[in-house]
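In terms of my numbering, the sequence shown has 307 at position 316, counting the first letter as 1, and numbering is strictly consecutive. Data block below; observations after.
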Amino acid sequence: SLKLTMAVQSMDEQVLKNIRRENISEQRMMELAPTIKESGLQTKAEVILGLPGESYDSHLETLKTLLNADMDEILVFSCMLLPGSEMYPHEERKKWGFETKHRILPRDFAKLSGGKTVLETEEVVVGTEQMTFDEYVELRVFNFILRVTSTDKVYSPLKKFLKEYDIKLFDLVEKMSKNLDNAPDSVKDICTAYRRSTIDELWDTEEELKKHYQDPNEYNKLLNGTVGQNLLFFYHAFAISEHIHDYTDFVLKVAKYLITKKTDKNIDKEFLTISNYCIGSCHNIFGDDRMETNPEFDYDYDILAWMNSKEVSFLNSFELDKKLKIIFELTEDQYKTVEDSLDIFGHNKIGRSQVIKVVGPNKLWRKPVIIK
């Protein structure tokens, strides 16, 4: 029930010096990773985008370091400028070359009895001397792809298979982000919408933002969730609830490309085992008929034993003499937990994004059951 959270903010030494902060070293983090995994703790790292001195490349290096340390979840925040904080004054903004915008705090608004709309807003850094606004947007999209691909346990066997060929998870996410033109249309559309929403949520001043939402029509957009959402959670829910098969196809396609570039070995049979497991795990997790649509597959390898093996092992060493049949099911407890949450938050896109925050994405996936 607990997560070990490391609020590292950045792993770049100069950035940490700029904000007068010290972190656990990369080496020490890597040394601790096996012990943390053995204890059964989930790990989460929190990173801030837009800190003084952070560049496009140094931010990516921070993410790469954390992924190499086997963090289960990496959550990236935009740098917020709070009144009274050291970075808030004009001279500090000038010193670091801050470009800032204003946006609504997610779901933080109300209409008073007198008819006035009140909003909580935040001022965030969207550019510095080392990072342009366009780079900020690109990194937001990268972090969205990273979250959907790395956070969800549905891709655990794929991550382990990639390690057999010394391919890092960062390499997979980077290749996906650079090849969105080759992604399924639905995946391209989600990333395009996320990019557009990332730009559209930003305003030059707090005053014009608040004035805009005094219009009843614009306020209704806040009420129905068209705007004012936590974009990362909202689009994450959208991707895994409505387009997870297309997204998984894209993940698998890019992963197979990376592996075949590394080896001349025929991996088709092994990769089919990995693919079917991922596809089965993520099938129809929010649909009304999700308890009746249970996919099943025949396996040439004992994938469950391989996944549970703690020693360094290769999938081909788990080949079976007789095929193994596995069906992927949701438990009654899973169904009830999700349904109860949807009843509270709504059976819609907004509700599903709240479910992911409350329930957690790793509790949504189907469980493998061996058919004897």
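Ideal Cβ placement from N, Cα and C applies to all residues, glycine included.
Need the endpoints of the alpha helix (DSSP H) that residue i sits in, please.
i, result
"D180", "D176 to D191"
"Q325", "E323 to F336"
"K256", "Careful: K256 lies outside any alpha helix (DSSP H) and carries neither H nor E."
"E126", "F124 to T142"
"R281", "First-last for R281: undefined, no H or E at that position."
Tell me whether the beta-carbon of residue i lies closer than 8 Å to the beta-carbon of residue j.
i, j, result
"I347", "F224", "yes"
"C269", "V145", "yes"
"L163", "L54", "no"
"F319", "H274", "yes"
"Y185", "M122", "no"
"V132", "M71", "no"
"E120", "W87", "yes"
"I317", "Y290", "yes"
"H81", "W194", "no"
"N170", "V245", "yes"
"I190", "V128", "yes"
From the DSSP output, which residues share a beta bridge with residue i?
i, result
"D289", "K316"
"G118", "E90"
"F100", "L110"
"K(-6)", "Q33"
"V360", "I318"
"I95", "T112"
Taking the straight line between their C-alpha atoms, what separation do you get for residue i and residue j?
i, j, result
"L42", "T254", "40 Å"
"M(-3)", "G106", "43 Å"
"F288", "E83", "59 Å"
"E22", "V178", "36 Å"
"N221", "I341", "10 Å"
"Q345", "F336", "7 Å"
"N257", "S300", "23 Å"
"D61", "D334", "35 Å"
"P25", "D172", "37 Å"
"G31", "S104", "50 Å"
"I27", "D63", "11 Å"
"N14", "E45", "16 Å"
Name the two residues that bound the continuous beta strand (DSSP E) containing residue i.
i, result
"K354", "Careful: K354 lies outside any beta strand (DSSP E) and carries neither H nor E."
Taking 7 Å as the cut-off, is the CB of residue i close to at least one heavy atom of the ligand GTP?
i, result
"L333", "As presented, the structure is devoid of all ligands, the ligand GTP included, so that no description of it is given."
* **Ordered list of alpha helix (DSSP H) runs contained in the stretch 25 to 90, each at least 4 residues** => Complete alpha helix (DSSP H) runs here, min 4: 47 to 59 and 81 to 87.
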